Structure formats: structure tokens, C-alpha cells
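Protein chains in written order, with our numbering: chain Y, 9 to 123; chain R, 658 to 772.
The C-beta atom is built at its ideal place from N, Cα and C for all residues, glycine as well.
This structure is a prediction, so every number in the text was calculated from the model and none was measured.
Take a look at the structure set out below.
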Amino acid sequence: AQSVAQPEDQVNVAEGNPLTVKCTYSVSGNPYLFWYVQYPNRGLQFLLKYITGDNLVKGSYGFEAEFNKSQTSFHLKKPSALVSDSALYFCAVRDGDNAGNMLTFGGGTRLMVKP
Amino acid sequence: DGGITQSPKYLFRKEGQNVTLSCEQNLNHDAMYWYRQDPGQGLRLIYYSQIVNDFQKGDIAEGYSVSREKKESFPLTVTSAQKNPTAFYLCASGDLGGGMYNEQFFGPGTRLTVL
């Protein structure tokens, strides 16, 4: 079975400070990892993904994520937070070695950026 | 929200009634998905379809039904057998070409409330 954990329900950060939203995963095969963002009463928007290659992945809106195989983590980061980054963030994983597996989402982390 | 539309945006249902949520995509994607979102629980997969006239149960299919008569459309019916249908429902689509590492694109969602 595959699973994703987002250990923080909410992350608070001041505008201009760096932010990190944590994600750890568990899969039996090679992980395909995704980050999505959701604004209130909207659908999810894709931010970035890791499939293979460089452990540091760059995505939309200045976000990046670092894949760490030994720690089974895929934390989302941004060097300087904006108030407009305030939203709900979801990490998701799929087992890349099992074509029948679907995406499994974490419970989400609410990011609050204060001016 | 890409090329995926969901209607209606808000839906109210009396207990014992069936309701159908619409999902249409113009992205020419083979795969379509229905998720349910509850506060603090992330997204859970209800049904998915990878080809016309074929669909598979997800993790929480009980009380729901779907059809896939056209590539562009994947309506979800919430039946009276669904014991707790009040939730935010999200439709997504994805390109299966090249493997299962492509991201999914989400519609804006339908908020269903049972009165």
C-alpha cells in the first residue's frame, strides 16, 4: 500500500521569509511525487512533480521541492513567501512500478502568510 | 482549472434523492477521475475511467455510480445509498500517454449539501 503524510495541519510564516511544507511518503516501488495547491472553493492546481533525475525540482510560482530518498520525503519550499501564497497544499504519490495504482493524497497543509 | 468544467457549482439535495454531477473536459485526456474532499481528509478517489465505456471503483465507491459514454464526459451520480454525501466533489483528467507520471488537471468542484 502507498501512503502520504503531511504532518502539519497549518504552517504560519511572515511575508518575505522562506517557507517549507513537509511531506513524507511510503511506496513499495519508485515514487512519483506531486504537489498541488488549492485556493478556497476551487479545484487543485498542479505545482510540480518528481519522477526521476535531479532531486531538486522547480515548479510554478517560484516553488521548489527536494526529493530525499533516504528520508522518504518531498518537502515543498519557497525562498520568499508572499501573502498570495496562502492556500491549502497537497502532496500526492503514485507507485511508478505499478501501473494500476492511482494517486494517493495527503491530508493537506494550510499555509498562512502574514504581511 | 484548465479545460475541465463541473456543474453545478453548488447543489442542494434532500435526503433520499439521487443527484448527478457533471464533468466535461476538452483536453483530449483518456483518463478521468472523481474525488471527494472532506475537511482534514485530503482527497479520496471515488471512481476512475481510463477509456470510454470502462470505469473502475476507487477507494470509496459505495453509494456512487458513473458512466463514460463519451471521452469528454464523466458524470457522477450520488445515490440515496450514500450515507453521508455532503462534501466537495472534484473531477480530474489526465493524459495516459507515456506512462502514469503525468499530472492530473482538476475542475473547479461541486459543493453538495444534503438538507
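Here's a check: name, in chain order, each residue in its chain whose Cβ is nearer than 6 Å to the Cβ of residue i, leaving out the five neighbours to either side.
| i | result |
| --- | --- |
| Y/GLY67 | LEU55, LEU56 |
| Y/LYS86 | LEU27, GLY70, PHE71 |
| Y/SER81 | THR32 |
| R/THR677 | PRO732, THR734 |
Distance check for residue j and residue i, CA to CA, integer angstroms please.
| i | j | result |
| --- | --- | --- |
| Y/GLY143 | R/GLY673 | Residue 143 of chain Y lies beyond the stretch modelled for chain Y, which goes from 9 to 123, so this question has no answer here. |
| Y/TYR44 | Y/GLY114 | 10 Å |
| Y/GLN79 | R/TRP691 | 31 Å |
| R/SER679 | R/PHE669 | 14 Å |
| R/ASP786 | R/SER737 | The question about residue 786 of chain R has no answer, for chain R in this structure spans 658 to 772. |
| Y/HIS83 | R/PHE763 | 22 Å |
| R/SER706 | R/GLU760 | 15 Å |
| Y/PRO48 | Y/ALA89 | 19 Å |
| Y/ASN76 | Y/SER36 | 15 Å |
| R/ASN710 | R/TYR746 | 22 Å |
| R/PHE712 | R/LYS728 | 12 Å |
| R/GLY660 | R/ALA688 | 14 Å |
| Y/MET120 | R/GLN663 | 28 Å |
Beta-carbon within less than 8 Å of residue i's beta-carbon, same chain only, minus the 5 sequence neighbours each way: which residues are those?
| i | result |
| --- | --- |
| R/GLN739 | GLU719, GLY720, TYR721 |
| Y/THR112 | GLN10, SER11, VAL12, ALA100, VAL101, ARG102 |
| Y/ASN38 | THR60, ASP103, GLY104, ASP105 |
| Y/LYS122 | ASN20, VAL21, ALA22, GLU23, VAL91 |
| Y/GLN46 | LEU52, GLN53, ALA95, LEU96, TYR97, PHE98, GLY116 |
For residue i, does the three-state DSSP call read helix, strand or coil?
| i | result |
| --- | --- |
| Y/TYR69 | helix |
| R/ASP695 | coil |
| Y/VAL101 | strand |
| Y/SER34 | strand |
| R/SER730 | strand |
| R/SER722 | strand |
| Y/SER92 | helix |
Is residue i close to chain Y, meaning its C-beta is less than 8 Å from at least one C-beta of that chain?
| i | result |
| --- | --- |
| R/TYR704 | no |
| R/GLU681 | no |
| R/LEU747 | yes |
| R/GLU760 | yes |
| R/LEU733 | no |
| R/LEU700 | yes |
| R/GLY764 | yes |
| R/GLY715 | yes |
At a cut-off of 7 Å, is residue i close to the ligand SAH when judged by its beta-carbon and the heavy atoms of the ligand?
| i | result |
| --- | --- |
| R/LEU668 | In terms of ligand content, the structure shown is empty, and the ligand SAH therefore cannot be addressed. |
If we cut at 8 Å on Cβ distances, does residue i have a partner in chain R?
| i | result |
| --- | --- |
| Y/LYS4 | No statement about residue 4 of chain Y is possible, as the shown extent of chain Y runs from 9 to 123 and does not include it. |
| Y/GLY37 | no |
| Y/MET120 | no |
| Y/LEU27 | no |
| Y/LYS57 | yes |
| Y/LEU111 | yes |
| Y/GLY24 | no |
| Y/LEU84 | no |
| Y/PHE42 | yes |
| Y/PHE98 | yes |
| Y/GLY51 | yes |
| Y/PHE71 | no |
Which one of the options has the shortest CA to CA distance from residue i?
| i | options | result |
| --- | --- | --- |
| R/TYR704 | R/ARG768, R/GLU726, R/PRO732 | R/PRO732 |
| Y/TYR33 | Y/GLN18, Y/GLU74, Y/GLY70, Y/GLY51 | Y/GLU74 |
| R/PRO665 | R/ASP695, R/GLY766, R/LEU702 | R/GLY766 |
| Y/ASP94 | Y/LYS77, Y/PHE82, Y/MET110, Y/TYR69 | Checking the sequence shown, residue 94 of chain Y turns out to be Ser, not Asp. That would be Y/TYR69, whose Cα lies nearest to the Cα of Y/SER94. |
| Y/TYR58 | Y/ASN49, Y/ARG50, Y/ALA89, Y/CYS31 | Y/CYS31 |
| Y/ASN63 | Y/PRO48, Y/MET110, Y/LEU41, Y/ALA89 | Y/LEU41 |
| R/HIS686 | R/VAL771, R/CYS748, R/LEU772 | R/CYS748 |
Taking C-beta pairs closer than 8 Å, name the residues in chain A that residue i reaches, listed in chain order.
| i | result |
| --- | --- |
| Y/GLY116 | Of the protein chains in the structure, Y and R, none is chain A. |
Between residue i and the rest of its own chain, which residues show a CB-CB distance below 7 Å, the 5 nearest in sequence each way excluded?
| i | result |
| --- | --- |
| R/ASP658 | Confidence is the limiting factor: at R/ASP658 the pLDDT is only 49, short of 50, which leaves the residue's position unreliable and the question unanswerable from this model. |
| R/ALA744 | ARG693, GLN694, ASP695, LEU769 |
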